[in-house]
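Colleague: Here it is, the structure, as structure tokens.
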Amino acid sequence: MPVLLSLTVHEWAHAASANALGDDTAARMGRLTLNPIAHIDPFGTVLLPMIQLLSTGTVMFAWAKPVPVNPLQFTRKVTMRTGDVLVSAAGPASNLAIALGAAIGLGLLVRFDWVNEPVVFLLQSLFGLNIALAVFNLLPVPPLDGSHVLRGLLPRRLSMAYERVFPYAPMLLMGVIFFGRGLIHWPMGILHGWLWRLTALVAG
832 MPVLLSLTVH EWAHAASANA LGDDTAARMG RLTLNPIAHI DPFGTVLLPM
882 IQLLSTGTVM FAWAKPVPVN PLQFTRKVTM RTGDVLVSAA GPASNLAIAL
932 GAAIGLGLLV RFDWVNEPVV FLLQSLFGLN IALAVFNLLP VPPLDGSHVL
982 RGLLPRRLSM AYERVFPYAP MLLMGVIFFG RGLIHWPMGI LHGWLWRLTA
1032 LVAG
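So the sequence shown is numbered by my numbering: it starts at 832 and just counts up by one.
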């Protein structure tokens, strides 16, 4: 449930931000929706999270079906590069927002003594999972969102050189999944610490 919810919101955020910039491609293809069925990827949404849960007890890597975006349709006075950065960043930003909401929710439960075990478990799951998803997606590894953000921020010449690795996206992604846990542990720890302090502050 937390995985499906988080990935659905992530992809909806991509679609909504693209639509706000004038690209209605995702909307026309039925992806501007919070219906999880529209976003499910059999491997990234179902099989991979199940494998991780059974082997490690936690989910650090997961994804849904990518939302189609056509930068040529951006009409809100942004360049294609800027629009791509904004749309790409919207997904991880939504995960950070969910983690922030879960952190505040946990703090409120403690403050008002509303502790309910299933609710606490759900919020804790959303908290940890969305920190992991945000950091994972911001890695500058194609085809992850972070690669699009970096490509849009680099000077044109460096951006063109960076694009040469994009055809190898499937292999790079598999490399991150099998060997890249160490890449996200450190930034995850920092975010976890910041948000946990917020939880303690709200809890009083």
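Here a beta-carbon is modelled for each residue, glycine too, at the ideal position from N, C-alpha and C.
So the alpha helix (DSSP H) F943 belongs to, where does it begin and stop?
Modeller: F943 -> no alpha helix (DSSP H), and no H or E assigned at all.
Colleague: Under 8 angstroms: do the region 981-990 and the region 913-931 share three or more Cβ pairs, one atom per stretch?
Modeller: Yes, the region 981-990 touches the region 913-931.
Colleague: May I ask which residues mark the beginning and end of the alpha helix (DSSP H) holding E842?
Modeller: It spans P833 to A851 - the alpha helix (DSSP H) in which E842 sits, taken as one unbroken run.
Colleague: Quick check on I1021: buried or exposed, where buried means 16 or more other Cβ atoms within 10 Å of its Cβ?
Modeller: Per the 10 Å Cβ criterion, exposed.
Colleague: Rounded to a whole number of angstroms, what is the C-alpha to C-alpha distance between F1009 and L927?
Modeller: Between F1009 and L927, the C-alpha separation is close to 24 angstroms.
Colleague: Applying the criterion that 16 or more other CB atoms from any shown protein chain within 10 Å of the CB defines a buried residue, is F943 buried or exposed?
Modeller: F943 should be labelled exposed.
Colleague: Taking the CB atoms as reference points, tell me whether L1026 and L970 lie closer together than 8 angstroms.
Modeller: Their beta carbons are not under 8 angstroms apart, which means L1026 does not touch L970 by this criterion.
Colleague: What is the DSSP secondary structure of R907, reduced to helix, strand or coil?
Modeller: Coil at R907, not helix or strand.
Colleague: With distance defined between alpha-carbon atoms, name the residue in L989, L836, A858 and N968 nearest to Q904.
Modeller: Closest option to Q904, Cα to Cα, is A858.
Colleague: When you compare only the Cα positions, how much space is there between A895 and L835?
Modeller: If I take the Cα positions, the gap works out to 9 angstroms.
Colleague: Using only alpha-carbon positions, find the residue among T839, G959 and G932 that is nearest to P897.
Modeller: Closest by alpha carbon: T839.
Colleague: Alpha carbons only, please: which of P1018, R1012, A1034 and M1019 is nearest the one belonging to T887?
Modeller: Selected option, being the one with the closest Cα: R1012.
Colleague: Kindly list the residues whose CB is nearer than 8 angstroms to the CB of L1029, restricted to its own chain and excluding five residues on each side of it in sequence; keep chain order.
Modeller: Excluding sequence neighbours, L1029 sits near L931, A934, I935 and G938.
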